[in-house]
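Protein chains in written order, with this note's numbering: chain A, 19 to 253; chain B, -7 to 278; chain C, 3 to 326. C-beta: ideal position from N, C-alpha, C; glycine also. Below you'll find the structure, written out as structure tokens, and then a few comments.
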Amino acid sequence: MLVLENVDAHYGKSHVLHGVSIEVRAGEVVGLLGRNGVGKTTTLKAIMGMVRRTGGRITFDGRDLTGVPPHGLAGLGIAWVPEERRIFRLLTVLENLRTGLDRPGVTPDRRERLLEKVYSYFPILRERRNQAGGTLSGGEQQMLAIARAMMLEPKIILLDEPTEGLMPRMVAQIQEIVHALHRDGVAILLVEQNVPLTLDAAARVYIMEKGTVRHHASAAELRADQRVIHEYLGV
Amino acid sequence: MDQIIIQTLHGLVNGMVLAMVASGLTLIFGIMDIVNFAHGDLLMLGAFVGASVLGVTGNYWLALLVAAVVIAVLGAVLQVTTLRPLIGRDPLTTILATFGISLVLQKYALWQWGPTVRRISEPVPGDFTLFHLQYPWYRIATAVLAGLIIGGLWLFLKYGKYGIWIRATTQDRVMAQAMGIPVPLVYTAVFAIGSAMAAASGVLFGPFAGVTQTMGFDFTLRAFIVVVVGGMGNLGGSILASIFVSLLEAYAAIVVSPAQAVIVSFVVLVLTMLFRPTGLFVPTPK
Amino acid sequence: MTAMPAARPRPPAAGYWIGFTVVVVLLVIAPLVLPPFWQRFATEILVWGLLAMSSDILIGYTGMVSFGHSAFFGLGMYGAAAALLTVKPPSLGLALLYGLVAAGAAAVFVAYFATRLRDIYFAISTLVFSQIFYVIIFTWTEVTGGENGLTFSQPRLTIPGIWSDRFTPVTFHWFVLAVVVLSYLLVRRITQSPFGMVLQSIRENEPRTRAIGYHVERYKIVAVMLSGLFAGLSGVLYALQNKFAAPDFVFFVVSGEVVIFNVMGGMGTLVGPFAGAAFFLLLREGLSRFLTEYYLIPLGIIFIIMIIFLPQGLLGFLRRRLNT
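Next up, the structure:
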């Protein structure tokens, strides 16, 4: 469904991605592992059109993403949950959700159902729905960021380090959410530093180093033989 | 004492008109980082269009509406043709571009309407009496109308679906795009809204002093001052600052000539920039 | 002191000096072959070019946009007027001195702002600053003549022991040319020096320049002073040529036009401003013949188009060559 073929990218003069090839099929959870700074987030940004792609192709559902404006991706079914969460701090929780909910073609009925669903996954958001996003705790903001993405009813969510900086209890909650999304049939490209969580949630995993993909295997294989993980991540 | 009351009324009324002008400017700046040098000239063109429509139809309210719509369209066209290509470049270029637009608009107005001063007659006749003083009704009406329009803008931003789009884009353009919000369109719409507000201010202000090609610059200058003093991008702050600065100027005009009273505003601006650069009415950032 | 971040300038190519000499020679011959109107025009281009060059020091080299050069220009003008009206017999030297001191004083103020404010705030404050001067000059009628300005007579060119005679338009043109060429060479020397390199470094990346250890504030202060003094000098020259001082020249529009000259001609080149001034003034002359006062409409549109499509200006492509 989402295919990156030999993608090169530059930040100004700096060549940050070299021939990255990744595939995520419909409904799949795919992990992207690697140390800090190897280009995992940059890969997501390349998909989102935020980084200048200088080589290769990115297609989604067979359609080349070149020339699709950044605001067109949500309509195609691609949602992004960035590393810094980037919730709209001065908007309320509900308003944050509405940025994804207020789309053409969403009947009032469906709006209600979507909101209810998200509140059932994240009850705390219902409680805080009229509070400004900036007043939420780190974990709550992460949940809001994911909920906001869910509002788009996406085919794929680009999930960037959702457990970073969270307490263990919250990490478990995130793990639950990833499973629930998978059950709903949403594909996920999961960028993480948390290896156990990734191996548990994902079917396949790519490992990156220095701006390129070094290894690609099923999660099962990697669970069985942890040497590759040790080699690239040192954990 | 009488002087003080009259000047207070002047200050409040002028403040409300200025607040309308400044809201458009701060909205534009807050969302797209554009310092719109031509803002006062959009006001000026709005006043001329209003005067023309008034001359033809005799209906003030129609004139107000038509002026706002026409200038909104003009603003949108200007943004798409001259400002959109400059997105992402050095902010200096947009200042220069809007400066260029300002020059062109002023001369265009001269060409289109000639050098004679146009008049916009008062929409509401007569004076009202406060104690033993007379003050024109239309000025009070203007202030009220300005307040209503600003209030309408505030409601739109707070509750409308597009208001959320505008506020989200102002806070985080990239994330707004990722959520599917068509940011280029939002930019154009905001510029159009700002232009419409400037134009409406021009028509409201018309009866105060007549309509000339150069009336815009003073407003642009004062609006800049107010936007900085109120906190750039801060709607509530610019409204408070408008009233504050207008009152100060009005009181200063008791002592010095009106032309010199403007120095008071300048001094307030300079002091604000030096000591409270985020704005006088903004809580001190930590 | 840590090592300079930029390369040491190489001596300019022979081509540059040839081009320079050609232009100067042309400018020397100009008043001899041109009819009177164009004689004055040529002199005016030099004066405005000098003003625009002074602005280039800030915009093109230090990266600070100033909308206040009309204040320096105006103060130079009124300073010269003060000298020529109060001291008899009118003295050229004193006119220059008064004008420069007045402009310099204003520059001190602006320099202070330059150290405290950045970018857009600095630009707005310079705009406001020049407007304050405008209001003062416009309303303080007893001293400045208010709306009508001041008129005075042109002093003689007096070089003690050698020369004392009235100016003719031709000799005045040569005088202005000499002053402008010397100013240009001086400013060029300064911008090519290590000092100039630091200014450019500030323009490129101020935080990094500061981090390396340079006192950015001090450099900015000197840049503003230089810019203000040369702008004041151009004001003195203008006053001397036209024998009047008027508040119109202190009005913001002059500052705006100066920035237009910079952008049209090419920022950061020092010669660009002269080309920009010439281009603008010639276009204005040409267009106003057909369109009278509406010349600004097409001229403004040309300006906007240049910003979008030719942001480096007419001579901007020379920037690298002229500065390294």
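Which stretch, first to last residue, makes up the beta strand (DSSP E) that contains residue i?
{"i": "GLU41 (chain A)", "result": "32 to 42"}
{"i": "TYR63 (chain C)", "result": "Looking at the DSSP string, TYR63 (chain C) is not in any beta strand (DSSP E), and its letter there is neither H nor E."}
{"i": "THR77 (chain A)", "result": "70 to 78"}
{"i": "TYR224 (chain A)", "result": "222 to 227"}
{"i": "PHE120 (chain B)", "result": "119 to 122"}
{"i": "HIS28 (chain A)", "result": "20 to 29"}
{"i": "GLU210 (chain A)", "result": "205 to 210"}
{"i": "SER236 (chain A)", "result": "230 to 236"}
{"i": "LEU51 (chain A)", "result": "47 to 51"}
{"i": "ALA97 (chain A)", "result": "96 to 99"}
{"i": "LEU260 (chain A)", "result": "It is not possible to answer for residue 260 (chain A), since the shown part of chain A is limited to 19 through 253."}
To which residues of the same chain is residue i closer than 6 Å at the C-beta, ignoring the five residues directly before and after it?
{"i": "ARG321 (chain C)", "result": "GLY270, THR271"}
{"i": "ILE223 (chain C)", "result": "ALA113"}
{"i": "ALA85 (chain C)", "result": "LEU96, ALA97, TYR100"}
{"i": "TRP50 (chain C)", "result": "ALA279"}
{"i": "ALA44 (chain C)", "result": "ALA32"}
{"i": "PHE140 (chain A)", "result": "MET161, ALA165"}
Could you tell me whether the Cβ of residue i comes closer than 9 Å to any Cβ of chain C?
{"i": "ARG81 (chain B)", "result": "yes"}
{"i": "THR74 (chain B)", "result": "yes"}
{"i": "THR85 (chain B)", "result": "yes"}
{"i": "LEU272 (chain B)", "result": "no"}
{"i": "TYR151 (chain B)", "result": "no"}
{"i": "PHE216 (chain B)", "result": "yes"}
{"i": "GLN98 (chain B)", "result": "yes"}
{"i": "PRO277 (chain B)", "result": "With a pLDDT of only 49 at PRO277 (chain B), under 50, the local geometry of the prediction cannot be trusted, and no value is derived from it."}
{"i": "PRO199 (chain B)", "result": "no"}
{"i": "ILE246 (chain B)", "result": "no"}
{"i": "GLY92 (chain B)", "result": "yes"}
So residue i packs on residue j, CB below 8 Å; how close in whole Å?
{"i": "THR230 (chain A)", "j": "GLY30 (chain A)", "result": "About 19 Å separates the two Cβ atoms, so there is no contact after all."}
{"i": "VAL27 (chain B)", "j": "GLY302 (chain C)", "result": "18 Å between Cβ atoms; not a contact."}
{"i": "ILE206 (chain A)", "j": "ILE174 (chain A)", "result": "7 Å"}
{"i": "LEU56 (chain B)", "j": "VAL203 (chain B)", "result": "Actually they are not in contact, since the Cβ atoms of LEU56 (chain B) and VAL203 (chain B) sit about 14 Å apart, beyond 8 Å."}
{"i": "VAL200 (chain C)", "j": "THR211 (chain C)", "result": "7 Å"}
For a cutoff of 9 Å on Cβ pairs, would you count residue i as touching chain A?
{"i": "TRP146 (chain B)", "result": "no"}
{"i": "ASP210 (chain B)", "result": "no"}
{"i": "VAL182 (chain B)", "result": "no"}
{"i": "ARG268 (chain B)", "result": "no"}
{"i": "GLN163 (chain B)", "result": "yes"}
Is the shortest distance between the beta-carbon of residue i and the beta-carbons of chain B less than 9 Å?
{"i": "HIS89 (chain A)", "result": "yes"}
{"i": "LEU301 (chain C)", "result": "yes"}
{"i": "SER229 (chain C)", "result": "no"}
{"i": "GLU23 (chain A)", "result": "no"}
{"i": "ALA277 (chain C)", "result": "no"}
{"i": "ALA113 (chain C)", "result": "no"}
{"i": "PHE106 (chain A)", "result": "yes"}
{"i": "GLU332 (chain C)", "result": "In this structure chain C extends from 3 to 326, so residue 332 (chain C) is not present and cannot be described."}
Ordered along the chain, which non-local residues of its own chain (more than five positions away) have a Cβ less than 7 Å from that of residue i?
{"i": "ARG144 (chain A)", "result": "TYR137"}
{"i": "MET266 (chain C)", "result": "GLY278, PHE281, PHE282, PHE305, MET308, GLY315, LEU316"}
{"i": "SER238 (chain B)", "result": "GLY3, ASN6, GLY7, LEU10"}
{"i": "GLN133 (chain C)", "result": "PHE254"}
By the DSSP assignment, the alpha helix (DSSP H) with residue i in it spans what residues?
{"i": "HIS200 (chain A)", "result": "186 to 201"}
{"i": "LEU128 (chain B)", "result": "Note that residue 128 (chain B) corresponds to Pro in the displayed sequence, not to Leu. First-last for PRO128 (chain B): 125 to 128, but that is the beta strand (DSSP E), not the alpha helix (DSSP H)."}
{"i": "TYR296 (chain C)", "result": "Segment: none, TYR296 (chain C) is in no alpha helix (DSSP H) and carries neither H nor E."}
{"i": "ALA150 (chain A)", "result": "Taken as a continuous stretch (DSSP letters only), ALA150 (chain A) belongs to no alpha helix (DSSP H), as it is neither H nor E."}
{"i": "LEU17 (chain B)", "result": "-6 to 24"}
{"i": "ARG128 (chain A)", "result": "126 to 139"}
{"i": "ASP218 (chain A)", "result": "213 to 219"}
Taking 8 Å as the line, does the beta carbon of residue i fall inside it for any heavy atom of the ligand NAD?
{"i": "LEU154 (chain A)", "result": "The ligand NAD is absent from the structure shown, which contains no ligand whatsoever."}
So, for residue i: in the same chain, excluding its five sequence neighbours on each side, which residues have a beta-carbon less than 8 Å away from its beta-carbon?
{"i": "PHE258 (chain B)", "result": "ILE217"}
{"i": "HIS200 (chain A)", "result": "GLY45, VAL47, ILE206, ALA219"}
{"i": "GLN159 (chain A)", "result": "ARG103, ILE105, GLY151"}
Let me confirm a value: residue i is counted as buried when at least 16 other C-beta atoms fall within 10 Å, else exposed. Which label applies?
{"i": "ILE(-3) (chain B)", "result": "exposed"}
{"i": "ARG103 (chain A)", "result": "buried"}
{"i": "ILE31 (chain C)", "result": "exposed"}
{"i": "ASN148 (chain A)", "result": "exposed"}
{"i": "GLU179 (chain A)", "result": "buried"}
{"i": "GLN163 (chain B)", "result": "buried"}
Using a Cβ cut-off of 9 Å (strictly closer), state whether residue i contacts chain D.
{"i": "ILE47 (chain C)", "result": "Annotation note: the requested chain D is absent from the structure, which comprises protein chains A, B and C."}
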